[in-house]
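Novice: All residue numbers for the sequence shown refer to the working numbering, where the first residue is 2 and numbers rise by one.
Before I ask anything, here is the structure I am working with.
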Amino acid sequence: MSEETSLYEQMGGRATFEQLVSHFYARVSVDPVLRPMYPDEDFKGAARRLLMFLEQYWGGPKTYSEERGHPRLRMRHSPFHISEFERDVWLEHMKSAVDELKMREDLKKELWNYLVMAAHSMVNQPRDF
Ligand code: HEM
2 MSEETSLYEQ
12 MGGRATFEQL
22 VSHFYARVSV
32 DPVLRPMYPD
42 EDFKGAARRL
52 LMFLEQYWGG
62 PKTYSEERGH
72 PRLRMRHSPF
82 HISEFERDVW
92 LEHMKSAVDE
102 LKMREDLKKE
112 LWNYLVMAAH
122 SMVNQPRDF
């Protein structure tokens, strides 16, 4: 076993990621742009998938891949219309959730930079003027 604490633990472990995702989805659930994109019957499931993915990405439990296989996030987002507009709405809610976290500033910045980068890579439609 490594003596080092994982990034996941340093970030606050499950409690942190649960807080992040629940704050984010509370906002998405009332957002006129994003809410219609998510499944009505499985909104909680969507929140759980994001939670598992983020935990795994940052070095926590690997439940995401056990349940869902390889993330292939760009491919899994291809059924949804994601232009810069939807991306920025997604990021706005995520920013609000990240800002609320009690976390070392350097780790918070790292988390935020990753989310911005990942959100940019999910755009699959030109901007519709
Ligand atoms: C750019 C704006 C984004 C939009 C509009 C968006 C929208 C969606 C929607 C509608 C779903 C389907 C919900 C479901 O799971 O049933 C989904 C799934 C998911 N999204 Fe996003 N997403 C965005 C960015 C991101 C980013 C940046 C990440 C990761 C950092 C992410 C991670 C996930 C994951 C892990 C799933 C579940 C995939 C699966 O296992 O099926 N999304 N997203």
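Backbone N, C-alpha and C fix where the C-beta goes; we use that ideal spot for every residue, glycine too.
All of these numbers come straight from a predicted model, not from anything done at the bench.
Residues in its own chain within less than 6 Å of Tyr-151 by CB, not counting five upstream and five downstream?
Specialist: This structure leaves residue 151 out entirely; the chain is present only between 2 and 130.
Novice: Could you give the DSSP three-state label for Asp-43: helix, strand or coil?
Specialist: Here Asp-43 sits in coil by DSSP.
Novice: Work out the CA separation of Leu-102 and Ser-79 for me, nearest whole Å.
Specialist: C-alpha separation (whole angstroms): 30 Å.
Novice: Grouping DSSP H, G and I as helix and E and B as strand, with all else coil, what is Thr-6?
Specialist: Three-state DSSP puts Thr-6 in coil, outside helix and strand.
Novice: My output table needs one value for Gly-60: the three-state DSSP class, helix, strand or coil.
Specialist: The answer is coil: DSSP assigns Gly-60 none of H, G, I, E or B.
Novice: Check whether the Cβ of Phe-54 lies closer than 7 Å to any heavy atom of the ligand HEM, and answer yes or no.
Specialist: It does: the Cβ of Phe-54 is within 7 Å (strictly closer) of some heavy atom of the ligand HEM.
Novice: Heavy atom of the ligand HEM less than 7 Å from the Cβ of Gly-61, yes or no?
Specialist: Answer for Gly-61: no, Cβ out of range of the ligand HEM.
Novice: I need the DSSP call for Val-22, collapsed to helix, strand or coil.
Specialist: In the structure shown, Val-22 sits in a helix (DSSP, three-state: H, G or I).
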